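Enquirer: Residue numbers for the sequence shown follow the numbering used here, so the first one is 326 and each next one is one higher. The beta-carbon is built from N, C-alpha and C at its ideal position, and this holds for glycine as well. Being a predicted model, the structure only gives us computed values, none of them experimental.
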Amino acid sequence: MQRYFVPYENWNGDTVSIKQDDYHHIVRVMRMKIGNQVVVVHPKDGAAITTIVDINDNSVTCRIDSWPDYDTELPVDVTIGQGVPKGEKWEWILQKGTELGAKQFISFQAERSVVKWDERKLVKKTSRWEKIVKEASEQSHRNFIPSVQWMNRWEEFLEYSKTFDIRLFAYEEEAKHLSSVSLHSVYQTINPGAKILICIGPEGGFSEKEARDLRSHEFQSIRLGPRILRTETAPLYALASLSYYFEEMR
326 MQRYFVPYEN
336 WNGDTVSIKQ
346 DDYHHIVRVM
356 RMKIGNQVVV
366 VHPKDGAAIT
376 TIVDINDNSV
386 TCRIDSWPDY
396 DTELPVDVTI
406 GQGVPKGEKW
416 EWILQKGTEL
426 GAKQFISFQA
436 ERSVVKWDER
446 KLVKKTSRWE
456 KIVKEASEQS
466 HRNFIPSVQW
476 MNRWEEFLEY
486 SKTFDIRLFA
496 YEEEAKHLSS
506 VSLHSVYQTI
516 NPGAKILICI
526 GPEGGFSEKE
536 ARDLRSHEFQ
546 SIRLGPRILR
556 TETAPLYALA
566 SLSYYFEEMR
């Protein structure tokens, strides 16, 4: 069943209106008719099973049939903080990280970031990123669309990190020591509902100064297994292992 995220203003009692790109997808791409069912997701209340009752020139009206008691969100709120990577790697992280349950993505300019994003182009980039996480949320049957933020100043990112219960950063040097802190041992200390920030460096990892800064802001360094992972692999490893621990082992 197709899934669509609809903003607050389109909900009215027991009906909801679907417009713009999603309207086009329903009418032109899927060629749905009155009587077809779709899943419509409220920004706060989750997913509803609905039936199409009207189709006009610019909107599809659906009647709310039921609110299934089924939650697909992780039992912890996970934010990925990512040093700006090269090429299309950031978009890959956004798409796959959304599928794996991330709640928020923050990109920041790290010392070893090869790419320097032009702030004048960020409006266009941000629009594309938001579309990527929305489509990935629909595909993976999420009840929530992750937010995407950009922080140009390292100090801004460090200050924002204070809002999290658990702060972790993947450090390349940790992978070289089998006695270093593993993800499993960290996860054992985390309770459901916790706000977790997992920080990943760009290609080349974090500089020594950045590692010191993170530790001084109560980040704990962790290893993501004994191998050195690419910057686009590391956040997915962390999310997948977290999902397994909190959703399958408990």
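In angstroms with no decimal places, state the Cα-to-Cα distance between I380 and V365.
Expert: So the two alpha carbons sit approximately 16 Å from each other.
Enquirer: Can you find the residues in the same chain that come closer than 6 Å, C-beta to C-beta, to P400, ignoring five residues on each side of it along the sequence?
Expert: Excluding positions up to five away in sequence, the list reads P517, F571.
Enquirer: So who's on the other strand from Y329, going by DSSP bridges?
Expert: In the DSSP output, where bridge partners are listed per residue, Y329 has V365.
Enquirer: In the DSSP assignment, find the alpha helix (DSSP H) that holds V458 and state where it starts and stops.
Expert: Where V458 is concerned, the enclosing alpha helix (DSSP H) stretches over 447-464.
Enquirer: Taking the continuous beta strand (DSSP E) assigned at T340, which residues delimit it?
Expert: Per DSSP, T340 belongs to the beta strand (DSSP E) from 340-344.
Enquirer: Given a threshold of 16 other Cβ atoms within 10 Å of its Cβ, counted over all protein chains shown, does K411 qualify as buried or as exposed?
Expert: Counting Cβ neighbours within 10 Å, K411 comes out exposed, since fewer than 16 surround it.
Enquirer: At the level of alpha carbons, what is the spacing between F482 and Q474?
Expert: Each residue's Cα considered, the two are about 10 Å apart.
Enquirer: First and last residue of the beta strand (DSSP E) that includes W475?
Expert: Residues 472-476.
Enquirer: Roughly how many whole angstroms lie between the Cα atoms of L447 and G526?
Expert: Approximately 20 Å between the Cα atoms of the pair.
Enquirer: Are the beta-carbon atoms of I377 and I359 separated by less than 8 Å?
Expert: Going by C-beta atoms, I377 is nearer than 8 Å to I359.
Enquirer: With DSSP collapsed to three states, give me the class of I380.
Expert: I380: strand per DSSP, three-state reduction.
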